[in-house]
Amino acid sequence: MSDVTGVNSALSQYDIADKKPAASNNDLGKTEFLELMIAQLNNQNPLEPQDDAAFIAELAQFSTVEGIQSMSDGFEDLAVSYKSSQALQASALVGGSVTVDGNDSSPLQIGELIFGVTELDAGSDGLHLQIENAYGEIVEDVELGYQPSGPMSFKWDGANLEVNGELADIDYDKFAADEDGNLLPHEEGDYTFRILGDLSGQQQTFATNVSRRVESVTILGGNEIQLNLAGGGQATLDEIKQINAVY
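Here it is as C-alpha cells:
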C-alpha cells in the first residue's frame with residue numbers, strides 16, 4: 012500500500028480544497044469544478060483508475076465552464092465599453108441641436124434655427140403650419156399646399172421658414188426691419204408648432220417633432236444616458252429622431 016500512499020502524497024500538493032474558502036452560493040464555478048476533479052483523483056483507487064474517456068469528458072466539461080465564464084466576463088466588458096462610447100458620443104451633442112420624438116415646442120434664440128419634422132402617412136392637401144408663442148397667440152399660419160407622403164422637414168429662424176429645402180411664402184410686410192433693412196425676427200421665447208391639413212377629406216393635426224439645444228449630459232444609474240435640453244426637459248438617446256447641423 013506504500014504506492015497508494017505515495018500517489019496520495021504526490022497528489023496532495025495539488026489539493027486546493029483546504030486553501031480556498033468554500034463557495035458562498037450553490038453555483039459551481041471553474042474553481043469549484045477543479046477542486047472536485049482533483050479531489051476525485053486524490054481519492055480514486057490506483058488499481059482501478061478512472062477511465063480515460065470519462066476523464067477527458069470531465070476535462071471537456073471544465074473547459075466549457077471556463078469558456079462560459081470567460082464569455083460572460085467578455086460580454087460585461089463589452090457592455091461597459093459600449094456605454095462609455097455612448098457617453099462620449101452624447102457629450103459631443105452638447106451645444107448642438109437634436110430633434111426629439113414627441114416634442115412640439117422649442118425656445119427661439121436669435122441667430123439659431125429651430126428644426127422640425129413630421130411624418131405624412133399619405134399625400135395631404137391644404138397643409139399649413141401654425142406657430143404659436145408662449146402667450147397662445149398664433150404668430151404664423153403658413154400655407155404649405157399639397158405635400159406627398161413621407162417625412163416633411165422645416166426650419167425656422169424666427170422670420171424665414173424653409174420647408175423641404177424651399178423657402179415658404181410668408182408675409183414679410185408684418186416684420187419690422189433694422190437700419191440696414193434686415194428683417195427683425197419674432198422675439199425670443201417658447202414657440203409651439205402644429206401642422207394641419209386634409210387627409211381623406213378629414214381635417215387632421217399631424218404629430219410634429221421639434222428640435223431643442225442640448226445643454227448637458229447626465230449619466231444615470233445603470234449607465235443610462237440622459238440629454239438635458241434647453242428650456243427644460245430631458246431625452247434619452249433612443250428618443251432622438253435627428254441630429255441637426257449647427258449654423
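Everything in the sequence shown is counted per my numbering, starting at 12 for the first residue and increasing by one.
All residues carry an ideal CB built from backbone N, CA and C; glycine is no exception.
Legend entry - Beta-carbon proximity of D136 to G208, cut-off 8 Å: In the sequence shown, residue 136 corresponds to position 125, counting from 1. In the sequence shown, residue 208 corresponds to position 197, counting from 1. At a Cβ-Cβ threshold of 8 Å, D136 and G208 count as neighbours.
Legend entry - Coil, strand or helix - I121 by DSSP: Sequence index remark: in the sequence shown, residue 121 carries index 110 (1-based). I121 falls in the coil class under three-state DSSP.
Inset, instruction - Spatial neighbours of N175 within its chain, please: CB distance less than 7 Å, with the 5 preceding and 5 following residues excluded, ordered by chain position. - result: Here the question's residue 175 lines up with position 164 in the sequence shown. Excluding positions up to five away in sequence, the list reads M163, S164.
Inset, instruction - Indicate the three-state DSSP secondary structure (helix, strand or coil) for N234 in the structure shown. - result: Walking along the sequence shown from the start, residue 234 turns up at place 223. Of the three classes helix, strand and coil, the one that applies to N234 here is helix, per DSSP.
Inset, instruction - Alpha carbon to alpha carbon, how far is Q100 from Q213? Give it in angstroms, no decimals. - result: Residue mapping note: residue 213 aligns to position 202 of the sequence shown, counting from 1. Residue mapping note: residue 100 aligns to position 89 of the sequence shown, counting from 1. Taking the CA atoms as reference points, Q213 sits about 43 Å from Q100.
Legend entry - Buried or exposed by the 16-neighbour rule on C-beta atoms within 10 Å, applied to G147: Residue numbering aside, residue 147 sits at position 136 when the sequence shown is read from its first letter. Exposed, since its Cβ has fewer than 16 Cβ neighbours within 10 Å.
Legend entry - Distance CB(I254)-CB(G106) smaller than 8 Å: The residue given as residue 254 occupies position 243 in the sequence shown. The residue given as residue 106 occupies position 95 in the sequence shown. Against a cut-off of 8 Å, the Cβ pair of G106 and I254 comes out as no contact.
Legend entry - Under the three-state DSSP convention, the category A256 falls into: Translated into positions along the sequence shown, residue 256 becomes position 245. Here A256 sits in coil by DSSP.
Legend entry - Closest Cα partner of F204 within the set L195, G156, I125: For the purposes of this step, residue 204 is taken as the residue at position 193 of the sequence shown. Minimum Cα distance to F204 is reached at I125.
Legend entry - Enclosing beta strand (DSSP E) for F217 [first to last residue]: Taking the sequence shown and counting its residues from 1, the one referred to as residue 217 is at position 206. 213-217 is the span of the beta strand (DSSP E), which, as asked, contains F217.
Legend entry - For T216 and A188, the rounded distance between their alpha carbons: As a first step, residue 188 must be located in the sequence shown, where it is residue number 177. As a first step, residue 216 must be located in the sequence shown, where it is residue number 205. Going from the Cα of A188 to the Cα of T216 covers about 33 Å.
Legend entry - Segment contact flag, the segment 112-128 with the segment 167-181, C-beta cutoff 8 Å, min 3 pairs: By the C-beta criterion, the segment 112-128 is judged to be in contact with the segment 167-181, since at least 3 inter-stretch pairs fall below 8 Å.
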